[in-house]
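J.: Here the protein sequences line up with chains A, B and C, keeping their order.
Position 141 of the first sequence, counted from 1, bears residue number 184 in the working numbering, the numbering being contiguous throughout.
Position 31 of the second sequence, counted from 1, bears residue number 119 in the working numbering, the numbering being contiguous throughout.
Position 267 of the third sequence, counted from 1, bears residue number 1003 in the working numbering, the numbering being contiguous throughout.
No residue lacks a Cβ here, since even glycine has one placed at the ideal position from N, Cα and C.
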Amino acid sequence: MMGIKTRFVDAGFQKATTAAALSVVALVALLLCHMIIHAMPAIQKFGWHFLFTSTWDPVKQNFGALPFIYGTIVSSVLALLIAVPISLGIAIYLAELAPLFIRGPLSFFIELLAAIPSVVYGLWGIFVLAPFLRSDMQPFLSRYFGFLPIFQGAFYGVGMLTAGIILSIMIIPTISSITREVFLTVPSNQREAALALGATRWEAIRLAVLAYARTGLLGAVILGLGRALGETMAVTMVIGNRAEISASLFAPAYTMASVIANEFTEATGDLYLSALIEVGLVLFFITLVINIAARALIWRVSGRVKGEIRK
Amino acid sequence: MEDEVRVSDLSAYFGDTQALKNINIAIKEKMVTAIIGPSGCGKSTFIRCINRMHEVVPNATVTGKVLLRGQDIYSPGVDPIEIRRKIGMVFQKPNPFPVLSIYDNVAAGLKLNGIRKRDDLDAVVERVLTMAALWDEVKDKLDASGMSLSGGQQQRLCIARALAVKPEVILFDEPCSALDPISTAKIEELIFRLKQDYTIIIVTHNMQQAARISDSTAFFLLGEMIELGKTQDMFTAPHDKRTEAYITGRFG
Amino acid sequence: MNIYRKRKIIDVTMRAAAFLCAIFTLVPLISIFSYVLSRGATSLNLSFFTHLPRPVGEPGGGMSNAIGGTLILIGLSCLWAVPMGILGGVYMAEFGNNRLGSMVRFSVDVLNGIPSIVIGIFAYTLFVLPMKSFSAISGGFALGVIMIPTVMRTTEEMLRMVPHTLREAALALGISQARTIVGIVLKTALPGIVTGILLAIARIAGETAPLLFTAFGNRFWHQSLNQPIAALPLQIFVYAISPFDDWHRQAWAGAFVLISIVSLISLISRFVIRPRYRFSQSR
Chain A
44 MMGIKTRFVD AGFQKATTAA ALSVVALVAL LLCHMIIHAM PAIQKFGWHF LFTSTWDPVK
104 QNFGALPFIY GTIVSSVLAL LIAVPISLGI AIYLAELAPL FIRGPLSFFI ELLAAIPSVV
164 YGLWGIFVLA PFLRSDMQPF LSRYFGFLPI FQGAFYGVGM LTAGIILSIM IIPTISSITR
224 EVFLTVPSNQ REAALALGAT RWEAIRLAVL AYARTGLLGA VILGLGRALG ETMAVTMVIG
284 NRAEISASLF APAYTMASVI ANEFTEATGD LYLSALIEVG LVLFFITLVI NIAARALIWR
344 VSGRVKGEIR K
Chain B
89 MEDEVRVSDL SAYFGDTQAL KNINIAIKEK MVTAIIGPSG CGKSTFIRCI NRMHEVVPNA
149 TVTGKVLLRG QDIYSPGVDP IEIRRKIGMV FQKPNPFPVL SIYDNVAAGL KLNGIRKRDD
209 LDAVVERVLT MAALWDEVKD KLDASGMSLS GGQQQRLCIA RALAVKPEVI LFDEPCSALD
269 PISTAKIEEL IFRLKQDYTI IIVTHNMQQA ARISDSTAFF LLGEMIELGK TQDMFTAPHD
329 KRTEAYITGR FG
Chain C
737 MNIYRKRKII DVTMRAAAFL CAIFTLVPLI SIFSYVLSRG ATSLNLSFFT HLPRPVGEPG
797 GGMSNAIGGT LILIGLSCLW AVPMGILGGV YMAEFGNNRL GSMVRFSVDV LNGIPSIVIG
857 IFAYTLFVLP MKSFSAISGG FALGVIMIPT VMRTTEEMLR MVPHTLREAA LALGISQART
917 IVGIVLKTAL PGIVTGILLA IARIAGETAP LLFTAFGNRF WHQSLNQPIA ALPLQIFVYA
977 ISPFDDWHRQ AWAGAFVLIS IVSLISLISR FVIRPRYRFS QSR
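This is how it looks when you write it as structure tokens:
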């Protein structure tokens, strides 16, 4: 009697856990379905042109997502350009150069940056970073580098540059901590091989660590890119929210996440809403591809580290 | 026969733990000196003190003198980088740089020292790979990755890499312990030939190996050097009882 | 200059540059914290915690409903996401070494990488459209979706760390598999799992984007869970982009409270749960 009851409970329990696990799969599938269904009106009306048109005109009901795609990509790439060298420097310092007693506290503080909510970054961006850019940094760039098209034109403090800077601060903890993990998988006899040849400490890092960790580094960078692409609040608060494509980094811009955040609740009419949802769909696919690529790279280089990446 | 390396009162520490106690030893030039002893006796620590690799470990310190042709390598003005170029090292586990080709592995040290011209590099690469008895096996695949070679070949590649920067002394830290007998034999043969031009110190836990290839042997125990002498004498009639016990296999 | 000097200069320069990168990164950290502290903490008073927001443009008032709203949303999301996450994690650790498990793992990774605003859209289409109203429920759903990957992954990791011998001993004693997993394995891994849950909560406490069109925000206390509800990050956002100085002050105060909540949760998980976890491991 007890045996039957136990087997019943066991089977039930196993089914419950399986159901929970499958629900996650169902959630993802359901999300995709809902997005596609609700974006359908816009998809049917605009087709592929949606991705290549710059007009975003709610009045004339003509929607093209190009300014947002441009804004998202440019702000994220800018963030990477700033964040990658700095993250590399941090990872090198913490993994190879810093005295042992500094490593714990310093890495804690850098991780702290990751814990700050996006909206607080945005708040700081509006009231501290943007004014600083407007009064100090942008005039400087305009004066000495104004011959470059990216530093031309009027500056307001908010804009593409501000968004890129704030995004870079937000993704530095991610890139640097994964890079550091990858560095720690480099066997110490690689470094010793370089040092024994008479290499300086930097040359040993370059020869033994950086080269060995290339693939993992790339994975960390791509993962950082994925996070930058999906970032919403901080960017919305400092990017200026204008659906224009401009060569200058001083100009205001708009990202996919920002336009959804700003206009979703104000969207009049089904086509408008469905166009916004289609923007969300595009964002979904871009981040999906990037994240899969990142996982594949990190997994390839440090298969045993994969499951152990703990924060 | 000159003294290539003269060690006086060398003591080495890991933090507060003392790993080497007042070592005094003279290594003669263009000969093979073997360092033998049981695990943990300090033989690896010893040779790492000679090319100033010991201090790379955090909290590791050294006291005493190591004279390379009369010059103390630990005197304040001396740069470890210079020393490490002059004193090459081959490690226990072969460690070629995996992302570099065979050619680039050998040329790595040369490029660090600013030699970049293709012709110069070609000449050196061929010379040292020949010296390492590897040239014939790899001359057609110099662009292949360093990792595409077998264990024994990788170790010979590492030896070629060390030879490329024209060292005066070469240190071998149990170079064959990760290799099969045939590769081991090839490397022993290689070391035997190299001693015509280089001073060699080899750490080994294999006494037969020491007996085969070395001219002098030093026996280390618990951080001290117990005995140093001509290999033949050491293995037939050692002076110290502890040496005799180790050699006859009573411990270790 | 000879090559040797050049190499030394490059060495010192690059090492200094690496050090500077680390220090340079602390600058925004210090800036953010000092501003939140100076502008936020000074604007805090009792009325901040007890009063509702004043009408647009009028100074004074507080964020009591926003703080309460955040707590309620956290509660709602934990209500469904924690059990599902733990059960799912149990599946992955105990039964999941098969094709289905790989598919689940892939889905969890995908879910984890979806931008939170897209999850907000999903919650909108799933709840707000049919209900024809913004609601705490839709907000709780969105936040829960964000929580699930973290809870599931942590549960799986912690369960995998429990040694097999423990499971085998229990089964050999005749204890059913279900009771083994729940009563013994899960219990041993519990501190670690709770830490994971707390960290997930710390993360969703600060999430704004998915709430923009689900919880939506409310100037008053919500009357029921299927009405719009205020939330702290939402309120900070609305106040920050407004043209009113007094609201800006309150935004900083809100940021201070938000960061305090997040820090408190992280500290609890680090110092209260962890030491206990180490103890249970040594047993």
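With residue 811 of chain C as the anchor, note down where its alpha helix (DSSP H) starts and where it stops.
T.: Looking up residue 811 of chain C in the third sequence gives position 75. That run of the alpha helix (DSSP H) goes 800-826.
J.: Using 8 Å for Cβ pairs, my map puts residue 144 of chain B next to residue 238 of chain A. What's the rounded Cβ distance?
T.: Position 56 of the second sequence, counting from 1, holds the residue named residue 144 of chain B. Position 195 of the first sequence, counting from 1, holds the residue named residue 238 of chain A. Indeed they touch by this definition, with Cβ atoms about 6 Å apart.
J.: Can you give the Cα-Cα distance for residue 1000 of chain C and residue 810 of chain C, rounded to whole angstroms?
T.: Taking the third sequence and counting its residues from 1, the one referred to as residue 1000 of chain C is at position 264. Taking the third sequence and counting its residues from 1, the one referred to as residue 810 of chain C is at position 74. Between residue 1000 of chain C and residue 810 of chain C, the C-alpha separation is close to 15 Å.
J.: Just to confirm before moving on: does the CB-CB distance between residue 211 of chain B and residue 244 of chain B stay below 8 Å?
T.: The sequence position of residue 211 of chain B within the second sequence is 123, counting from 1. The sequence position of residue 244 of chain B within the second sequence is 156, counting from 1. Result no, Cβ atoms of residue 211 of chain B and residue 244 of chain B do not sit closer than 8 Å.
J.: Measure the C-alpha to C-alpha separation of residue 813 of chain C and residue 884 of chain C and round it to an integer number of angstroms.
T.: As a position in the third sequence, residue 813 of chain C is number 77, starting the count at 1. As a position in the third sequence, residue 884 of chain C is number 148, starting the count at 1. About 9 Å.
J.: Can you pull out the residues from the segment 743-758 of chain C whose beta carbon lies closer than 9 Å to at least one beta carbon of chain A?
T.: Hits within the stretch, in order: 743, 744, 746, 747, 748, 749, 750, 751, 753, 754, 755, 756, 757 and 758.
J.: Can you round the beta-carbon distance between residue 952 of chain C and residue 964 of chain C to whole angstroms, since I take them to be within the 8 Å contact cut?
T.: Locating residue 952 of chain C in the third sequence gives position 216, where the first residue counts as 1. Locating residue 964 of chain C in the third sequence gives position 228, where the first residue counts as 1. Correct: roughly 4 Å between the Cβ atoms.
J.: Can you confirm whether residue 104 of chain B, when its beta carbon is compared against all beta carbons of chain C, has any partner nearer than 8 Å?
T.: By one-based count along the second sequence, residue 104 of chain B stands at place 16. No, no contact with chain C.
J.: For the segment 138-152 of chain B, which residues have a beta carbon sitting closer than 8 Å to at least one beta carbon of chain A?
T.: Of all residues in the segment 138-152 of chain B, 139, 141, 144 and 146 have a Cβ within less than 8 Å of some Cβ in chain A.
J.: Among B:107, B:308, B:141 and B:104, which one has its Cα closest to the Cα of residue 259 of chain B?
T.: Taking the second sequence and counting its residues from 1, one reaches residue 259 of chain B at position 171. Of the candidates B:107, B:308, B:141 and B:104, the one whose C-alpha sits nearest the C-alpha of residue 259 of chain B is B:141.
J.: Residues in its own chain within less than 6 Å of residue 252 of chain B by CB, not counting five upstream and five downstream?
T.: Looking up residue 252 of chain B in the second sequence gives position 164. 194, 197, 198, 212 and 216, listed in sequence order.
J.: Is DSSP giving residue 368 of chain B helix, strand or coil here?
T.: Residue coverage of chain B in this structure runs from 89 to 340, which leaves residue 368 of chain B outside it and unanswerable.
J.: Could you tell me which residues DSSP puts in a beta bridge with residue 144 of chain B?
T.: Numbered from its first residue, the second sequence carries residue 144 of chain B at position 56. Per DSSP, none; premise fails for residue 144 of chain B.
J.: Thinking C-beta only, is residue 137 of chain A closer than 8 Å to residue 753 of chain C?
T.: Within the third sequence, numbered from 1, the residue matching residue 753 of chain C stands at position 17. Within the first sequence, numbered from 1, the residue matching residue 137 of chain A stands at position 94. Contact flag unset, no.
J.: Since residue 260 of chain B is in the beta strand (DSSP E), which residue starts that stretch and which ends it?
T.: Within the second sequence, the letter at position 172 stands for residue 260 of chain B. First-last of the beta strand (DSSP E) with residue 260 of chain B: 257-261.
J.: Pull out every residue of the segment 196-220 of chain B whose Cβ sits closer than 7 Å to any Cβ of chain C, in chain order.
T.: Against chain C - using a Cβ distance shorter than 7 Å - the residues of the segment 196-220 of chain B are 201 and 202.
J.: Could you give the C-beta distance for residue 205 of chain A and residue 176 of chain A, rounded to a whole number, given that I count them as a contact under 8 Å?
T.: Translated into the one-based positions of the first sequence, residue 205 of chain A becomes position 162. Translated into the one-based positions of the first sequence, residue 176 of chain A becomes position 133. Between residue 176 of chain A and residue 205 of chain A the Cβ distance is about 6 Å, and since that is below 8 Å, they are a contact.
J.: Does residue 308 of chain B have its Cβ less than 8 Å from a Cβ in chain A?
T.: The count along the second sequence starts at 1 and reaches residue 308 of chain B at position 220. Cβ-Cβ to chain A under 8 Å: no for residue 308 of chain B.
J.: Alpha carbons only, please: which of C:817, C:868, C:899 and C:744 is nearest the one belonging to residue 889 of chain C?
T.: Taking the first residue of the third sequence as 1, we reach residue 889 of chain C at position 153. For the residues C:817, C:868, C:899 and C:744, the minimum Cα distance to residue 889 of chain C belongs to C:817.
J.: Have a look at residue 119 of chain B and residue 298 of chain B and give me their C-alpha separation to the nearest angstrom.
T.: Locating residue 119 of chain B in the second sequence gives position 31, where the first residue counts as 1. Locating residue 298 of chain B in the second sequence gives position 210, where the first residue counts as 1. Looking at the two C-alpha atoms, the distance is approximately 13 Å.
J.: Rounded to the nearest angstrom, what separates residue 935 of chain C and residue 301 of chain A at their Cα positions?
T.: As a position in the third sequence, residue 935 of chain C is number 199, starting the count at 1. As a position in the first sequence, residue 301 of chain A is number 258, starting the count at 1. Each residue's alpha carbon lies about 26 Å from the other.
J.: Residue 851 of chain C to residue 327 of chain A, Cα distance in whole Å?
T.: Walking along the third sequence from the start, residue 851 of chain C turns up at place 115. Walking along the first sequence from the start, residue 327 of chain A turns up at place 284. So the alpha carbons of these two residues sit roughly 7 Å apart.
J.: Using a Cβ-Cβ distance cut-off of 8 Å, determine whether residue 904 of chain C contacts chain A.
T.: One-based indexing of the third sequence puts residue 904 of chain C at position 168. No, residue 904 of chain C lies away from the interface with chain A (no Cβ there is under 8 Å from its Cβ).
J.: For residue 739 of chain C, would you say it is in contact with chain B, using Cβ-to-Cβ distances shorter than 8 Å as the test?
T.: By one-based count along the third sequence, residue 739 of chain C stands at place 3. Yes, residue 739 of chain C counts as interfacial toward chain B.
J.: Helix, strand or coil: how does DSSP classify residue 98 of chain A here?
T.: Residue mapping note: residue 98 of chain A aligns to position 55 of the first sequence, counting from 1. The answer is coil: DSSP assigns residue 98 of chain A none of H, G, I, E or B.
J.: Would you say residue 273 of chain B and residue 239 of chain B are within 8 Å of each other, going by their C-beta atoms?
T.: Translated into positions along the second sequence, residue 273 of chain B becomes position 185. Translated into positions along the second sequence, residue 239 of chain B becomes position 151. Contact: no.
J.: Would you list, in chain order, the members of the segment 89-109 of chain A that have their beta-carbon closer than 8 Å to a beta-carbon of chain C?
T.: Under the 8 Å Cβ criterion, the segment 89-109 of chain A contributes no residue.
J.: Contact between the segment 121-135 of chain B and the segment 300-311 of chain B: three or more CB pairs below 8 Å?
T.: Judged by Cβ distances under 8 Å, the segment 121-135 of chain B makes contact with the segment 300-311 of chain B, as three or more pairs qualify.
J.: How would you write the range of the alpha helix (DSSP H) that residue 177 of chain B sits in, first residue to last?
T.: For the purposes of this step, residue 177 of chain B is taken as residue 89 along the second sequence, with counting starting at 1. Not the alpha helix (DSSP H): residue 177 of chain B falls in the beta strand (DSSP E), residues 175-178.
J.: Please list the segments of the alpha helix (DSSP H) lying wholly inside the segment 967-1015 of chain C, counting only runs of 4 or more residues, in order along the chain.
T.: For the segment 967-1015 of chain C, whole alpha helix (DSSP H) runs of length 4 or above, ordered along the chain, are 968-976 and 981-1003.
J.: For residue 279 of chain A, which option in A:263, A:305 and A:286 has the closest C-alpha, if you only look at C-alpha atoms?
T.: Your numbering for residue 279 of chain A matches position 236 in the first sequence. Considering only alpha carbons, the answer is A:305.
J.: Which residues in chain A have a C-beta closer than 8 Å to the C-beta of residue 839 of chain C? List them in chain order.
T.: Taking the third sequence and counting its residues from 1, one reaches residue 839 of chain C at position 103. Near residue 839 of chain C (Cβ distances below 8 Å), the residues of chain A are 68.
J.: Is any beta-carbon of chain C found at less than 8 Å from that of residue 218 of chain A?
T.: Against the first sequence, residue 218 of chain A aligns to sequence position 175. So, not an interface residue.
J.: Please return the same chain residues whose Cβ sits closer than 7 Å to the Cβ of residue 324 of chain B, not counting the five positions on each side in sequence.
T.: Mapped onto the second sequence, residue 324 of chain B falls at position 236. None.
J.: Flag this pair as yes or no: are the beta carbons of residue 277 of chain A and residue 130 of chain A separated by less than 8 Å?
T.: By one-based count along the first sequence, residue 277 of chain A stands at place 234. By one-based count along the first sequence, residue 130 of chain A stands at place 87. Result no, Cβ atoms of residue 277 of chain A and residue 130 of chain A do not sit closer than 8 Å.
J.: I'd like to know if residue 832 of chain C contacts chain A, where contact means its C-beta is closer than 8 Å to some C-beta of that chain.
T.: For this step, residue 832 of chain C is matched to residue 96 along the third sequence. Residue 832 of chain C counts as touching chain A.
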